[in-house]
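Chemist: For reference, the structure I am asking about is given below.
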Amino acid sequence: MAQWHYVNEKGEKAGPVTEEELNALKVSGAVTPVTMVWAEGMAEWKRLGELGHIPPTPPAPNPPAMNPRHDDRPVKVYVADINMSFGSMVVFMIKWALASIPALIILFMIGGFLMAIFGGMSMALMGMGG
């Protein structure tokens, strides 16, 4: 049985390993079709995917089917711990409220601008009709 050498993910030569061990490395993802490999009798290093006699990686088995839960009762959810002291929570809420002030100012400015435009238009229309 051939002893294989390969280049690992760090770029270092590794091995020798048996063909079974090489296939196990392939299944685990430690070697891929582009991994460079060499065995005695080969003229040069080749990519694992170029070799025809290494069997392909078998597909991963499908997980067993889950038994769906058929329970329509409401489930109560409790927050056990948010890992924040009360004082830190209050400070966080104050910072959040202060950070929202510029957004509120911008929204009020846009609303005032729209009221001025549409209010002026409605006044002009009423003035023309009377």
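Those letters in the sequence shown? Residues 53 to 182, by the working numbering. Even glycine gets a Cβ: it sits at the ideal position worked out from N, Cα and C.
Starting from A91, follow the beta strand (DSSP E) in both directions and report where the run begins and ends.
Modeler: Looking at the DSSP string, the run of the beta strand (DSSP E) that includes A91 is M88 to A91.
Chemist: Measuring only the C-alpha atoms, how far is M161 from W148?
Modeler: Taking the straight line joining both Cα atoms gives about 21 Å.
Chemist: Buried or exposed: where does T87 fall if 16 or more other Cβ atoms within 10 Å of its Cβ makes it buried?
Modeler: That one is buried.
Chemist: By DSSP's criteria, K65 is part of a beta bridge. Which residues make up the other side?
Modeler: K65 is bridged to V59.
Chemist: Roughly how many angstroms lie between the CA atoms of S174 and M167, to the nearest whole one?
Modeler: Approximately 10 Å, taken between the alpha carbons.
Chemist: To which residues of the same chain is P187 closer than 7 Å at the C-beta, ignoring the five residues directly before and after it?
Modeler: Because residue 187 is not part of the residues shown, which for the chain are 53 to 182, the question remains open.
Chemist: Helix, strand or coil for K78 per DSSP?
Modeler: K78: helix per DSSP, three-state reduction.
Chemist: Exposed or buried, V69, counting other C-beta atoms within 10 Å across all chains shown (16 or more means buried)?
Modeler: Burial call: buried.
Chemist: Using DSSP bridges, identify the partner residues of R125.
Modeler: Note: R125 sits in no beta bridge, so no partner.
Chemist: Tell me the residue span of the alpha helix (DSSP H) that contains A149.
Modeler: Unbroken alpha helix (DSSP H) run through A149: F138 to A151.
Chemist: From I157 to G163, what does the alpha carbon distance come to, in whole angstroms?
Modeler: So the two alpha carbons sit approximately 10 Å from each other.
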